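For reference, the structure discussed in these notes is given below.
Printed below as a string of C-alpha cells:
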C-alpha cells in the first residue's frame, strides 16, 4: 500500500515475468548452441569413420595389386584393371538403381532418373579430365623421379581446399587449414627415405615441376567438380554413378585403342588377348578398385572432397605398413613418423570444435545444460 507507483505489485510481476522469459530465452539459446556443437561433432565423427572405411578399401586394393605381381612385375596389361573396374561399377550401380526404383510411383522414378543435356555433358568432364591427368602423370615421371613426384603430389591436399573455396564457396577455419598443412607435411615425410635414396641429377627440371603442379591443380579441381556434380539436383546417386562410369569406360577404351594402335607394329595388338596374364590378384584388384570408386562417390555425395582426400593420401603409407605386417616389406622410421603426423592432422581436422574448447567453458555449459533439465542452480 505504501509502495511508489513504479513499484506497484502489477509492475513488479510484469518485470519479474520479463526476467524469467529473458532467462528462458538465454537457456534456449545455450541449449541450441550445445545441440549444434553436438551435431557438428557427430557429423565429424561420421566423416572420420567414412574416411577410414575408404582407407581400408584402398589398402585392400593396393595389397591385391602387389599380390598380383610375378617376379616383381605385372604379368598382365595394367590398363585393363581400371577399364574392368569401371564396367563393374556400372553393373553394381545399375543393380542398386533397380532396387531403389522398384515399387516407386512413376513421378518419383522420373525425379530419381532425371537428366538434361547439360547434366550428361557435365558427367563427361571427369572421365576426360582423368585421362588427361593420367597422361600428364607420365610426363611428370619422365622428368622427375618417383619420390619427388610423390612429394609434389601431396600439394593436392591444400589445392583441394582452395578448389573447394572457388568452385563451391566452402570456407574452412584457420584450424582446419593448419590441419591440412600438417597432413601435407606428414605425407611428404613418408616419402623422404625414397627421396634421399633416389639419384639426384642436380638439375632443376622445369618441365617436370610444371607438369607436377598442373597435375595437382587438375586433380584437386576435378575432385571438387565431381563433388559438385554429385550434390546437384535430386537424382539418385546410383543414376549419377552410371553416367560418370559410362564416360569413364568410353575414355578408357579410347585410351587403350590409341595405345594399341601405336604398338601394332611390334605385335598382334592389345585386343587380341586383353586378359592375358590375369591372375587372382588382378581380379581382386578390379574388385578393390571398383569398391574404392563406389566409396568415393558415396563420400562426395554425403560428405565432401576433403574427407576423400584424407583417405586417399593416407592410403600409400598405410598400405606400406600393412605390407610390412603381411608381406614383410621394409618399413623405415620416416614412414612411422609421417603416418603419426597424418593421423594427428586427421584428429585436429575432424575434432577441431571439441579439441580446442576451453575446459572451464565446456564444464559451465554442461552445468547449464544439466540445470535446465531440472537441476538446481546455485
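Numbering (this note's numbering), first residue to last: 69 to 446.
Backbone N, C-alpha and C define an ideal beta-carbon position, used for all residues, glycine too.
Treat the numbers as computed from the prediction; the structure is a model and nothing was measured.
>> Short of 6 Å in beta carbon distance, which residues of its chain neighbour residue 251, apart from the five on each side in sequence? Order them along the chain.
In response: If we look at residue 251 and ignore the five residues flanking it on each side, its Cβ neighbours are 225, 410 and 413.
> Can you give the beta carbon distance from residue 356 to residue 125, rounded, assuming they're within the 8 Å contact cut?
Replying inline: That pair is a contact at about 7 Å.
> Alpha carbon to alpha carbon, how far is residue 118 from residue 239?
Replying inline: Taking the straight line from one Cα to the other gives about 21 Å.
> Considering only residues of the same chain and omitting the five flanking positions on each side of residue 319, which have a CB-CB separation below 8 Å?
Replying inline: Cβ within range, chain order: 195, 196, 198 and 199.
>> Using CA atoms only, rank isn't needed, just tell me which of 148, 168, 237 and 137 is closest to residue 358.
In response: Checked all of 148, 168, 237 and 137; the closest Cα to residue 358 is 148.
> Starting from residue 296 and walking both ways along the alpha helix (DSSP H), at which residues does that stretch end?
Replying inline: 274-298 is the extent of the alpha helix (DSSP H) around residue 296.
> Under a Cβ-count criterion, where at least 16 other Cβ atoms within 10 Å of its own Cβ denotes burial, should residue 154 be classed as buried or exposed?
Replying inline: The residue in question, residue 154, is buried, as its Cβ has 16 or more Cβ neighbours within 10 Å.
>> Considering only DSSP beta bridges, list what residue 141 is partnered with.
In response: When beta bridges are read from the DSSP output, residue 141 appears opposite 138.
> What three-state label does DSSP hand residue 408 in the structure shown?
Replying inline: DSSP places residue 408 in helix when its eight states are reduced to three.
> Between residue 353 and residue 136, which are expected to be in contact by the criterion C-beta below 8 Å, what is the C-beta distance as a whole number of angstroms?
Replying inline: The pair is a contact, with the Cβ atoms about 6 Å apart (cut-off 8 Å).
> Do you know offhand how far residue 180's Cα is from residue 370's?
Replying inline: Cα to Cα, the separation comes out at about 16 Å.
>> Out of 307, 294 and 237, which one is the CA nearest neighbour of residue 162?
In response: Measuring from the Cα of residue 162, the nearest candidate turns out to be 307.
> Cα separation between residue 130 and residue 313?
Replying inline: Looking at the two C-alpha atoms, the distance is approximately 21 Å.
>> Going by DSSP in three states, residue 198 sits in which element: helix, strand or coil?
In response: It is helical.
> Comparing alpha-carbon positions, which option in 404, 297 and 231 lies nearest residue 184?
Replying inline: Answer by Cα proximity: 297.
> According to the neighbour-count rule (16 or more other Cβ atoms, all chains shown, within 10 Å of its Cβ), is residue 220 buried or exposed?
Replying inline: Around the beta carbon of residue 220, a 10 Å sphere encloses 16 or more other beta carbons of the protein chains shown; the residue is thus reported as buried.
> In terms of alpha-carbon separation, which member of 361, 243 and 311 lies closest to residue 419?
Replying inline: For residue 419, the closest of 361, 243 and 311 by C-alpha to C-alpha distance is 243.
> Going by other Cβ atoms of all chains shown within 10 Å of its Cβ, with 16 needed for buried, is residue 372 buried or exposed?
Replying inline: Buried, by the Cβ-count rule.
>> Using CA atoms only, rank isn't needed, just tell me which of 400, 367, 305 and 360 is closest to residue 128.
In response: The option with the nearest alpha carbon to residue 128 is 360.
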